[in-house]
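> Oh and the sequence shown: position 53 is 54 in my numbering, straight run, nothing missing.
Glycine included, each C-beta is placed from N, C-alpha and C at the ideal position.
This one's a predicted model, so the numbers in the text were calculated from it and none came from an experiment.
Handing you a structure now.
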Amino acid sequence: MRLRIEEITLVGTSRTIRFEPGMNAIVGSMSGGKTATVSCLRALLGADVSVVPELRGRTIAGTVLVGDRRFRIVRPLVTTANAMVEIAEVEGRREAWRLPASQLQAGYDETFRDWWRDVLKLPRLRVPRAPNDDRSPLVPVTISDYLMYCVLRQKEIDSSVFGTPDNYSKNIKRKYVFEILYGLYDPEAAGLRDRLREVTTELAALTADANTLERILLSTAFASRAQLEVERRETERELTHARQADVSLTGNINLTGPTTVTLRERIAETEAEIARIVGATEAEAVSITNLRELHGQLIAQSRRLTRALVAERLLNDFEFHTCPRCGAGVPDRGDEHTCRLCLQAPPNLPAPSSLAAEQDRVIEQVTETEELIARSSHRLAQLQTALATQTQHRTDLGAQLDRATSTYITDQADRIRSVAAQQARLEEHLARLDDGLAVHDRLAGQAERVAELEREQEDLNSKIDATRHSNQAVSQRLRKLDDAFEAALRSFDAPRFDNQPGSYINKKTYMPVVDGRPFADLQSQGVEVLVNVAHVLAHQHVALNDPDIPLPNLLIIDGISSNVGHEGVDLERLRKMYASLLRTATEHVDRLQIIVTDNDSPPIEGIHRPLELSDTDRLVPMPPAEPGDEQAADAPPGEEADG
């Protein structure tokens, strides 16, 4: 993907740097600010902000060309992860964004560095933080990681390759980016690795759990599954016998012996007789009450009849000659059919003989009623006596039954309690045995799952290895990278070694090897500079000729002549390195931009110099001196050395 920086401005100052297509060189003294300029360029491209004190808190604005789209970017030079970056497309669709620098915030779908990764069409992947630990957490591959292959920084140009080996985490990302760029880490393999992580995590957890369970079992009486199964069968058999005995004892508690049966029958008969006597007693008492009421009624009737008879005999011939009320004399009046006193016809009264006969009949009924009352009272007394006798008899029979059954019931209760205790003990032991067998079942299930996961793990590893080595296009790209690296070293006329001629990229570490010597064994810092520059240039050569390699076509080299001599053979090698870079940039002028920094002017012609710095003209321009303030004008601010 074409990536070109056209302009960068330090907002609030007069400093604006305009870059050309092809090759550009920023030159100047050690304290001028060349490395600070590279830091600003990296910040413009989405890397984390790391600048000298004079730039902290300032703002940069730049114009970049990505493919066929041009963008204007304004970013504050602060380390705050949620600092806002403004982006506006120039011409084209004229889209605009305002995004947090590197930490996603609520209300935003992406960050500034995510935007860069997307606009450059770089794969959005998450990789294990520790590649040799499948349980390691996943971390995203950011634009800063991809820029490692585009920016050769001053602090690593003569000591390490893209941050290795002194920066472990950076070295891991360097290797991941290499695999992504050259197709070794494809999406299918990434999915397989994710599944491998899950399998490995589950496998480790199951293995640890199984080991813990085994240690627990070994310290108990349940270590042997076979012994548990035998003991469980014996316990079940004993428990069955105990339950049968419990049922038998509980049924026998009703007692079926001949003595107790007879006593129970007699008690039942006595209770029935008592119930009969109680019923008869109640009926007799009701009968006596009714007879006594009848006796009273007959006595009252007899008295009325007696008064009637007496009145008939004694008062029937009376004649009133004097009024019983006022005492006046009553004259003769009325006739023989009316009363002299009230002048009314007297009522027809029964004859005295009829009253006497009724009186006799009532007296006979009274006598009969008294006899009935006497007989009922006698019968009630007999019933009460019989009830008392039967009640005492029931009490005696109950005492006999209690004496007959007390010893038997106590013995049965003791046996029932013993059987129940044995049954509870056996049930509890059976539950413990089942718990032990459940642990063994769990171990067996875990063992099956572990075996299944191990087979899946092996299969995943095989598939991952197959994706690494089965792609012929990947192998061809790696061969082209080796050829480009060797060609770059030869074009630089870099020092060679005779033991194993030929240079290549190690397929395990992805580090350059020069004539059999790994980068760490080169010793000479000048040689390391040449190898590093040849290395980054080789990656660009391969990417420029292979559209499937998503490496951004931008190369920034800070301190290109560091530790490279400027006289004799070393100067000639420096010229050849510059010439090789210029030739590549010119050949691909519309696709590849190269920006280098150096203390001295390039030793060859044809290289655009957008910025020349010095001790008095630094990256951050000094404000105009006030009249009469010459001391302030002569005291430039401190700057971090470019080295």
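#1: Buried or exposed for P132, going by 16 or more other Cβ atoms inside 10 Å?
#2: Identify which residue in V67, D159, P138 has its Cα closest to the Cα of L123.
#3: Can you find a C-beta in chain D that's less than 7 Å from the C-beta of I465?
#4: Exposed or buried, P624, counting other C-beta atoms within 10 Å across all chains shown (16 or more means buried)?
#5: Which whole runs of the alpha helix (DSSP H) in the segment 238-306 are 4 residues long or more, in chain order?
#6: Please list, in chain order, all residues of the same chain as S492 whose beta carbon is under 7 Å from its beta carbon, the five residues on each side excluded.
#7: Suppose contacts are defined by Cβ-Cβ distances below 7 Å. Is L402 in contact with T236 by that definition?
#8: Report yes if the C-beta distance between Q391 and T263 is below 7 Å; otherwise report no.
#9: Applying the criterion that 16 or more other CB atoms from any shown protein chain within 10 Å of the CB defines a buried residue, is L538 buried or exposed?
#10: Hey, is the segment 109-129 in contact with the segment 181-194, meaning 3+ C-beta pairs nearer than 8 Å?
#11: What residue ranges within the segment 589-620 form continuous beta strand (DSSP E) runs of no fewer than 3 residues, ordered along the chain?
#12: Counting only runs of 4+ residues fully inside the segment 55-136, write out the alpha helix (DSSP H) ranges in chain order.
#13: Tell me which residues share the same chain as G399 and place their Cβ nearer than 6 Å to its Cβ, disregarding the 5 neighbours each side in the sequence.
#14: Could you spell out the range, first to last residue, of the alpha helix (DSSP H) harbouring I158?
#15: Helix, strand or coil for A26 per DSSP?
#16: Tell me the rounded alpha-carbon separation between G280 and Q360.
#17: Once DSSP output is grouped into helix, strand and coil, what is the label at T10?
#18: Taking 7 Å as the cut-off, decide whether the C-beta atoms of V50 and A44 are in contact.
#19: As a quick exercise: from R293, V248, E365, pick the residue whose alpha carbon is nearest that of R376.
#20: Pairing CB atoms from the segment 80-93 with CB atoms from the segment 104-119, are three or more of them under 8 Å?
#21: Which same chain residues, not among the five before or five after H296, have their C-beta less than 7 Å away from its C-beta?
#22: According to DSSP, is I561 helix, strand or coil?
#23: Does DSSP put R326 in a helix, a strand or coil?
#24: Quick check on DSSP: helix, strand or coil for I550?
#25: Exposed or buried, K508, counting other C-beta atoms within 10 Å across all chains shown (16 or more means buried)?
#26: Would you report the Cα separation of C340 and T323, rounded to the nearest angstrom?
#27: If we count the other Cβ atoms within 10 Å of its Cβ and call it buried at 16 or more, is H379 buried or exposed?
#28: What residues in its chain sit with their C-beta under 7 Å from that of G607, if we drop five residues either side in the sequence?
#29: Below 8 Å on the Cβ atoms is my contact criterion, and I expect W117 with L204 to pass it. Report the Cβ-Cβ distance as a whole number of Å.
#30: Would you mind stating whether L553 and T14 have Cβ atoms separated by less than 7 Å?
#31: Report the CB separation of R592 from L555 in whole angstroms; it is logged as a contact under 8 Å.
#32: Tell me where the beta strand (DSSP E) around T36 begins and ends.
#33: I'd like the span of the beta strand (DSSP E) that includes R19, first residue to last.
#34: Could you tell me if D483 is buried or exposed, where buried requires 16 or more neighbouring beta carbons within 10 angstroms of its beta carbon?
#35: Alpha carbons only, please: which of L229, A309, V597, R194 is nearest the one belonging to A358?
#36: V363 by DSSP, collapsed to three states: which one?
From the atom records:
#1: For the purposes of this step, residue 132 is taken as the residue at position 131 of the sequence shown. Burial call: exposed.
#2: Taking the first residue of the sequence shown as position 1, residue 123 is located at position 122. The option with the nearest alpha carbon to L123 is V67.
#3: Within the model displayed, chain D is absent; a lone protein chain is all it includes.
#4: Within the sequence shown, the letter at position 623 stands for residue 624. Exposed, since its Cβ has fewer than 16 Cβ neighbours within 10 Å.
#5: none
#6: Your numbering for residue 492 matches position 491 in the sequence shown. Same-chain partners within the cutoff: K577, S581.
#7: Residue 402 sits at position 401 when you count from the first residue of the sequence shown. Residue 236 sits at position 235 when you count from the first residue of the sequence shown. Taking 7 Å as the Cβ cut-off, L402 and T236 do not qualify as a contacting pair.
#8: Taking the first residue of the sequence shown as position 1, residue 391 is located at position 390. Taking the first residue of the sequence shown as position 1, residue 263 is located at position 262. No; because the gap between Cβ atoms is not below 7 Å, this pair is not in contact.
#9: Position 537 of the sequence shown holds residue 538. The residue in question, L538, is buried, as its Cβ has 16 or more Cβ neighbours within 10 Å.
#10: yes
#11: 594-599, 609-614
#12: 113-120
#13: Along the sequence shown, one-based indexing puts residue 399 at 398. Nothing listed; no residue qualifies.
#14: As a position in the sequence shown, residue 158 is number 157, starting the count at 1. Taken as a continuous stretch (DSSP letters only), the alpha helix (DSSP H) holding I158 covers 155-158.
#15: Here residue 26 is taken as the residue at index 25 of the sequence shown, counted from 1. Strand, per DSSP.
#16: Your numbering for residue 280 matches position 279 in the sequence shown. Your numbering for residue 360 matches position 359 in the sequence shown. If I take the Cα positions, the gap works out to 38 Å.
#17: What you label residue 10 is simply residue 9 of the sequence shown in a count that begins at 1. Three-state DSSP puts T10 in a strand.
#18: Taking the sequence shown and counting its residues from 1, one reaches residue 50 at position 49. Taking the sequence shown and counting its residues from 1, one reaches residue 44 at position 43. It is a contact, given that the beta carbons lie within the stated cut-off.
#19: Counting from 1 along the sequence shown, the entry for residue 376 is found at position 375. The option with the nearest alpha carbon to R376 is R293.
#20: yes
#21: Along the sequence shown, read from residue 1 onward, the residue named residue 296 stands at position 295. V367, T370, E371, I374.
#22: Indexing the sequence shown from 1 puts residue 561 at position 560. Reduced to three states, the DSSP call for I561 is coil.
#23: Walking along the sequence shown from the start, residue 326 turns up at place 325. In the structure shown, R326 sits in coil (DSSP, three-state: anything other than H, G, I, E or B).
#24: Taking the sequence shown and counting its residues from 1, the one referred to as residue 550 is at position 549. Here I550 sits in coil by DSSP.
#25: Here residue 508 is taken as the residue at index 507 of the sequence shown, counted from 1. K508 comes out exposed.
#26: Reading the sequence shown from its first residue, position 339 is the one you call residue 340. Reading the sequence shown from its first residue, position 322 is the one you call residue 323. Roughly 14 Å between the two C-alpha positions.
#27: Walking along the sequence shown from the start, residue 379 turns up at place 378. Exposed: under 16 other Cβ atoms inside 10 Å.
#28: Numbered from its first residue, the sequence shown carries residue 607 at position 606. The residues are L583.
#29: As a working note, residue 117 is residue 116 in the sequence shown. As a working note, residue 204 is residue 203 in the sequence shown. Between L204 and W117 the Cβ distance is about 38 Å, and since that is not below 8 Å, they are no contact.
#30: Taking the sequence shown and counting its residues from 1, one reaches residue 553 at position 552. Taking the sequence shown and counting its residues from 1, one reaches residue 14 at position 13. Correcting the residue identity first, residue 553 is Pro in this sequence and not Leu. No.
#31: To locate residue 592, count along the sequence shown from 1; it is residue 591. To locate residue 555, count along the sequence shown from 1; it is residue 554. Their Cβ separation, rounded to whole angstroms, is 10 Å, which puts R592 and L555 out of contact at 8 Å.
#32: In the sequence shown, the residue the question calls residue 36 occupies position 35. Looking at the DSSP string, T36 is not in any beta strand (DSSP E); the run it does join, the alpha helix (DSSP H), is 35-45.
#33: Start at 1 with the first residue of the sequence shown, and residue 19 comes out as number 18. Element bounds for R19: 17-19.
#34: As a first step, residue 483 must be located in the sequence shown, where it is residue number 482. Its Cβ being crowded by 16 or more others within 10 Å, D483 is buried.
#35: What you label residue 358 is simply residue 357 of the sequence shown in a count that begins at 1. Checked all of L229, A309, V597, R194; the closest Cα to A358 is A309.
#36: In the sequence shown, the residue the question calls residue 363 occupies position 362. Looking at V363 - three-state DSSP - the assignment turns out to be helix.
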